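Working notes for the structure below.
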Amino acid sequence: MKKRLPAGKILDLGGGAGRLAVLLAQKGYQVDLLDLSPAMLALAQKHAEESQVDLRLLEADIRDFSDWEERYPAIVSFADTFNYLPGKVDFEAGLQQAYEHLEEGGTFLFDVITPYQVNVLYDNYCYNNDDNPDQIFMWTSFPGDEKNSVDHDLKFFLYNEDIDAFNLVREVHHEQTYDLAYYQKALKRAGFTNIQVSADFGKKEAGSEDDRWFFSAQKGEK
1 MKKRLPAGKI
11 LDLGGGAGRL
21 AVLLAQKGYQ
31 VDLLDLSPAM
41 LALAQKHAEE
51 SQVDLRLLEA
61 DIRDFSDWEE
71 RYPAIVSFAD
81 TFNYLPGKVD
91 FEAGLQQAYE
101 HLEEGGTFLF
111 DVITPYQVNV
121 LYDNYCYNND
131 DNPDQIFMWT
141 SFPGDEKNSV
151 DHDLKFFLYN
161 EDIDAFNLVR
171 EVHHEQTYDL
181 AYYQKALKRA
191 GFTNIQVSAD
201 FGKKEAGSED
211 DRWFFSAQKG
221 EK
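39 is the number that the UniProt record's numbering gives to position 39 of the sequence shown; each next residue is one higher, with no gaps.
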């Protein structure tokens, strides 16, 4: 990834708890992290302080942060961020915002899970952790209502010493993906050029049985 990122400022879209942002800051980049969740931004601040790096944190929706006037030579968005947008209108709004916030000639890097991941690898997927008896985690995935979508049912059983029992915390996450041709067309419609797609963290060409696609695109110079 570093080969594709010029030195200087980076915007991390949907950066969550800041793990990637911290790594980039440690490499010398000036990182702004944008996320909709105040809880995630608080974690990002904590991780930045623990790592002794500076992050600028922005609470905003990646579909519309047009009031933020900063422009960047590079924008990144990884770990399924764009898969959490519920439909094509939302996805394309996010692409357009990324385009608008790039400098001329700037680079946008992002990843998505693929239809193969959603329809094959996540089909009746189930995972239970058993390495920490005080924090039990269950993850089950089911097909979503829309084509190429999946719902993840996450259950956290957290031991509560006060009542000598477990508290249940449950989250349901919905992810949506599309075929490769749609992603490429959507990027072009947003104005991006030099669109490249790969798999296996950029190590091979993208195919129909990949679990994740990685995109690189540029904002054309006027």
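Backbone N, C-alpha and C fix where the C-beta goes; we use that ideal spot for every residue, glycine too.
Just so you know, these numbers come straight off a predicted model, no measurement behind them.
List the residues that DSSP assigns as beta-bridge partners of residue 176. Counting from one through the sequence shown, the residue named residue 176 turns up at place 176. Per DSSP, 149.
Cβ contact check for the region 116-131 and the region 29-41: 3 or more pairs under 8 Å: By the Cβ criterion, the region 116-131 is not in contact with the region 29-41, since fewer than three pairs of Cβ atoms, one from each stretch, lie closer than 8 Å.
Whether residue 27 touches residue 72 by CB criterion (8 Å): Taking the first residue of the sequence shown as position 1, residue 27 is located at position 27. Taking the first residue of the sequence shown as position 1, residue 72 is located at position 72. Not closer than 8 Å, so no.
Looking at the structure shown, is residue 206 part of a helix, part of a strand, or coil, going by DSSP? On the sequence shown, residue 206 is found 206 positions in, with the first residue counted as 1. Here residue 206 carries a coil assignment [DSSP, helix/strand/coil].
Tell me whether the beta-carbon of residue 108 lies closer than 8 Å to the beta-carbon of residue 201. As a working note, residue 108 is residue 108 in the sequence shown. As a working note, residue 201 is residue 201 in the sequence shown. The answer is no: Cβ separation not under 8 Å.
Would you identify the three-state DSSP class for residue 114, choosing helix, strand or coil? Here residue 114 refers to the residue found at position 114 when the sequence shown is read from its first residue. Coil at residue 114, not helix or strand.
Starting from residue 38, trace the alpha helix (DSSP H) in both directions and tell me its first and last residue. Here residue 38 refers to the residue found at position 38 of the sequence shown. Residue 38 -> alpha helix (DSSP H) spans 38-51.
Burial state of residue 66, where buried means 16 or more other Cβ atoms lie within 10 Å: For this step, residue 66 is matched to residue 66 along the sequence shown. Residue 66 is exposed by the Cβ-count criterion.
Would you say residue 41 and residue 59 are within 8 Å of each other, going by their C-beta atoms? On the sequence shown, residue 41 is found 41 positions in, with the first residue counted as 1. On the sequence shown, residue 59 is found 59 positions in, with the first residue counted as 1. Contact annotation: residue 41 and residue 59 have beta-carbon atoms nearer than 8 Å.
Along the chain, which unbroken stretches of the alpha helix (DSSP H) at least 4 residues long are found entirely within the region 56-102? 88-100
List the whole-angstrom C-beta distance separating residue 136 from residue 177, where the pair is believed to meet the contact cut-off of C-beta under 8 Å. The count along the sequence shown starts at 1 and reaches residue 136 at position 136. The count along the sequence shown starts at 1 and reaches residue 177 at position 177. No, residue 136 and residue 177 are not in contact; Cβ-Cβ is about 29 Å, not under 8 Å.
Of the residues 64, 68, 29 and 118, the one placed nearest residue 92, counting alpha carbons only: In the sequence shown, residue 92 corresponds to position 92, counting from 1. Comparing Cα positions, the closest option is 64.
Taking only the alpha-carbon atoms, compute the straight-line gap between residue 54 and residue 111 and give it to the nearest angstrom. Residue numbering aside, residue 54 sits at position 54 when the sequence shown is read from its first letter. Residue numbering aside, residue 111 sits at position 111 when the sequence shown is read from its first letter. Computed Cα separation, rounded: 25 Å.
Residue closest to residue 15, alpha-carbon to alpha-carbon, out of 7, 52 and 37: Against the sequence shown, residue 15 aligns to sequence position 15. The candidate whose alpha carbon is nearest that of residue 15 is 37.
List the endpoints of the continuous alpha helix (DSSP H) containing residue 120. Looking up residue 120 in the sequence shown gives position 120. From DSSP, residue 120 is part of no alpha helix (DSSP H); its letter is neither H nor E.
Helix or strand or just coil, what does DSSP make of residue 155? For the purposes of this step, residue 155 is taken as the residue at position 155 of the sequence shown. Residue state, collapsed to three classes: strand.
I'd like to confirm the pairing. Which residues does DSSP put opposite residue 160 in its beta bridges? As a working mapping, residue 160 is identified with position 160 in the sequence shown. Answer by DSSP bridge pairing, in chain order: 165.
Nearest-angstrom Cα distance between residue 198 and residue 24? Residue 198 sits at position 198 when you count from the first residue of the sequence shown. Residue 24 sits at position 24 when you count from the first residue of the sequence shown. Residue 198 and residue 24 have their C-alpha atoms spaced approximately 21 Å apart.
Own chain partners of residue 142 with C-beta closer than 6 Å, once the 5 adjacent residues on each side are dropped: Numbered from its first residue, the sequence shown carries residue 142 at position 142. Answer for residue 142: 151, listed in chain order.
Kindly list the residues whose CB is nearer than 6 Å to the CB of residue 149, restricted to its own chain and excluding five residues on each side of it in sequence; keep chain order. The sequence position of residue 149 within the sequence shown is 149, counting from 1. Excluding positions up to five away in sequence, the list reads 176.
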